[in-house]
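Residue 22 is where the sequence shown starts when you use my numbering, and the numbers rise one by one after that.
Think of the CB as a built atom: it goes at the ideal place given N, C-alpha and C, for glycine as much as any other residue.
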Amino acid sequence: MAQIIDGKKISQEIKDELKEKVAAYKEKGYEITLAVIQVGNNPASTVYVGNKKKACEYVGIRSLAYELDENITEQELLDLINELNDRDDVNGILVQLPLPKHISEKKVIETINPKKDVDGFHPMNVGALSIGDEGFISCTPYGIIELLKRSDIDIKGKECVVVGRSNIVGKPISMLLIRENGTVTVTHSATRDLKEVTKRADILVAAIGKPRFINADYVKEGVVVIDVGINRDENNKLCGDVDFESVEPLASAITPVPGGVGPMTIAMLMTNCVEAAEKYMIK
Ligand code: NAP
């Protein structure tokens, strides 16, 4: 029987630890603040933003909500970001993606002050991660490392295979696994004989975006499986990139979907907000 890596429980532990820290900072007169910007009313974005606000409330972080009209100009959005960049009382700035087509996400991300980029998407933070400098780590990959560490799964020396090379998951988790002394192979849609590669994995990270893609044929016995995928199957049921039923009997540990990587993303966003305040505000 595989160990089920309980992301719900671990993320709750992290939020509880942060809650204590934040309360102690409040006693010293410091208020940690996250600005959350949503453009338009994409229903999925509204749910994500709502969850982020709820987490802020729980941890004790003040959240400033900016709900902007879908038709706002790119310049108006950039002006708001610059205004928030200049405010000493704002520690983190988050712009919920995706943005309407007439606004360049790249420009928006690059306008956020890297010291307030709690999503870890700014090229300065991405670069810092790849050269081993300090910076903000994007929340989902940061959450995966935390899941492994808090489940006592050693990364050092392990064969780690990442399926997917996106900028928000595949690439940063690969850099982090290298930083943790894993031996890392990154695979993607042009990888020849994917099964042969994934079968070598001691730790397999699936970030593909295809329902139940990784089945028992892709893994070896004893593998640790991290399933990043959030998909809907043909019956509209939430599922991961891993076929849990067939892989779990072979795995030594595995994350479920839902309740694995998903809840960690927000917990790590809260962690980044506290880290931002600790680095640049709290003395
Ligand atoms: P993405 O940008 O679409 O990237 C998918 C990656 O998978 C690409 O690199 C692609 O290769 C690769 N891929 C696609 N088909 C493949 C195949 N047949 N064999 C090998 N590789 C293949 O997706 P993403 O943003 O990384 O997200 C991946 C999944 O994680 C999605 O289900 C998403 O919803 C979920 N997600 C979850 C969280 C969370 O909080 N839990 C956060 C972010 C994402 P190419 O580069 O060659 O196209």
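According to the Cβ coordinates, are A44 and L85 closer than 8 Å?
no
Hey, out of T206, Y46, P270 and S195, whose CA is closest to I158's CA?
S195
Report yes or no: do the stretch 71 to 83 and the stretch 122 to 142 share at least 3 C-beta pairs separated by less than 8 Å?
no
Please go through the same chain and pick out, in chain order, the residues whose beta-carbon is closer than 6 Å to the beta-carbon of K179, but skip the five residues on each side of it.
G203, D223 and I224
Which term fits K73, buried or exposed, when burial requires 16 or more other beta carbons within 10 angstroms of its beta carbon?
buried
Could you check how far apart the C-beta atoms of V278 and C260 are, in whole angstroms? I think they sit under 8 Å.
That pair is a contact at about 6 Å.
Does the Cβ of D262 lie closer than 7 Å to at least one heavy atom of ligand 1?
yes
Can you tell me the Cα-Cα spacing of D107 and N92, whole angstroms?
Looking at the backbone, the Cα of D107 and that of N92 are separated by about 25 Å.
If you measure from each residue's Cβ to the nearest non-hydrogen atom of ligand 1, which ones come out under 7 Å, in chain order?
T161, V184, G185, R186, S187, I189, V190, G191, T208, H209, S210, A211, T212, L215, A228, I229, G230, K231, F234, V249, G250, I251, N252, D262, V282, G283 and T286
T206 to E48, Cα distance in whole Å?
46 Å
Looking only at its own chain, which residues have a Cβ that is under 6 Å from the Cβ of Q24, when we skip the five neighbours before and after it?
Correct list, in chain order: A274.
Measuring straight from C-alpha to C-alpha, what distance separates V245 and L198?
13 Å
Which residue spans inside the stretch 146 to 196 form an unbroken beta strand (DSSP E) run of at least 3?
Complete beta strand (DSSP E) runs here, min 3: 180 to 184.
Output the distance between the C-alpha atoms of D238 and K231, rounded to the nearest integer angstrom.
16 Å
Just grab the DSSP bridge partners of C260 for me.
N252.
Give the straight-line distance between the Cα atoms of V183 and V68, rounded to the nearest whole angstrom.
28 Å
Roughly how many whole angstroms lie between the Cα atoms of N63 and Y51?
34 Å
Cα separation between S267 and L115?
38 Å
With burial defined as no fewer than 16 other Cβ atoms inside 10 Å of the residue's Cβ, what is the status of R253: buried or exposed?
exposed
Got a sec, what are the start and stop residues for the beta strand (DSSP E) S125 sits in?
Careful: S125 lies outside any beta strand (DSSP E) and carries neither H nor E.
Compare the beta carbon distance of D214 and I235 with 8 Å and say whether it is the shorter of the two.
no
What runs of the beta strand (DSSP E), each 3 residues or longer, lie entirely inside the stretch 59 to 90?
83 to 89
Which residues in the same chain have their Cβ closer than 6 Å to the Cβ of I58, if we skip the five residues on either side of it in sequence?
Same-chain partners within the cutoff: Y87 and V116.
Given this structure, state the Cα-to-Cα distance separating E299 from M145, to the nearest angstrom.
Looking at the two C-alpha atoms, the distance is approximately 19 Å.
Hey, L39 and T292 are a contact pair by Cβ (cut 8 Å); roughly how many whole angstroms apart?
6 Å
Smallest Cα separation from D248: which of G113, K304 and G280?
G280
Within this structure, are the beta carbons of I303 and S172 separated by less than 8 Å?
no
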